[in-house]
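For the record, in the sequence shown the residue sitting at position 42 is 409 according to our numbering, with numbers rising by one throughout.
Glycine included, every Cβ here is placed at the ideal spot set by N, Cα and C.
Just so we're clear, the structure is a prediction, and the values are computed from it rather than from any experiment.
Reviewing the structure listed below.
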Amino acid sequence: MELSGIAMANSVFEQNVAAAEKQRGEAMPADLKQKVRIAMNEEIGAMMTELKRTALDDAAQIYADHFTAEELRRLAVISADPVMRKSQQLMPQMLPKLAQIGLKVAEDRKPIMQQKIKEVVDQWLATQESKGTSS
Numbered sequence: 368m369e370l371s372g373i374a375m376a377n378s379v380f381e382q383n384v385a386a387a388e389k390q391r392g393e394a395m396p397a398d399l400k401q402k403v404r405i406a407m408n409e410e411i412g413a414m415m416t417e418l419k420r421t422a423l424d425d426a427a428q429i430y431a432d433h434f435t436a437e438e439l440r441r442l443a444v445i446s447a448d449p450v451m452r453k454s455q456q457l458m459p460q461m462l463p464k465l466a467q468i469g470l471k472v473a474e475d476r477k478p479i480m481q482q483k484i485k486e487v488v489d490q491w492l493a494t495q496e497s498k499g500t501s502s
């Protein structure tokens, strides 16, 4: 669990750095990048340690709130299936790649969203100015 959290965070970090470097037109210094990554990974490790203390009990309660005992038994059978185990094993490698799909769409649509927000703000400012001049 901890390794998948670190892998996902590192993937997002790399994307954010790449986007910032592209926007600024200059690379982040390698030593700074490494220091940020180390600090981030240490914090994720601490978060995961804290999470492990209560995660099983908390998760069990959530499952109990949503599934009957029979459904939980069926989930246990499904979880024991070799294909499901393979899926769970590969998930830490797959999640960053899967996250890329949404991040790519978000990045592609970012200029559109920024333009729409600018239009809304410009329109609001124009309305405020006209209210101020008409009184």
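Extent of the continuous alpha helix (DSSP H) run through residue i
i: Met414; result: 397-433
Inter-residue Cα distance where the pair is residue i and residue j
i: Glu393; j: Met414; result: 32 Å
i: Ala466; j: Met458; result: 11 Å
i: Val450; j: Ala426; result: 23 Å
i: Lys419; j: Trp491; result: 48 Å
i: Asp398; j: Ile411; result: 20 Å
i: Val487; j: Val384; result: 29 Å
i: Asn377; j: Lys453; result: 23 Å
i: Glu381; j: Ile405; result: 13 Å
i: Asp489; j: Leu439; result: 54 Å
i: Leu442; j: Ala493; result: 57 Å
i: Gly469; j: Gly499; result: 42 Å
i: Gln456; j: Lys483; result: 42 Å
i: Met480; j: Glu409; result: 34 Å
i: His433; j: Thr416; result: 26 Å
DSSP state of residue i mapped onto helix, strand, coil
i: Ala376; result: helix
i: Ala394; result: coil
i: Asp448; result: coil
Neighbourhood of residue i by C-beta, 7 Å cutoff - its chain only, sequence neighbours within 5 removed
i: Met375; result: Leu462, Pro463, Ala466
i: Glu388; result: Ala394, Met395
i: Thr435; result: none
Residues of its chain near residue i, where Cβ-Cβ distance is below 8 Å and the 5 sequence neighbours each way are ignored
i: Lys400; result: Val384
Nonlocal neighbours in the same chain, by C-beta distance under 6 Å from residue i, ignoring five residues either side
i: Gln460; result: none
i: Ala386; result: none
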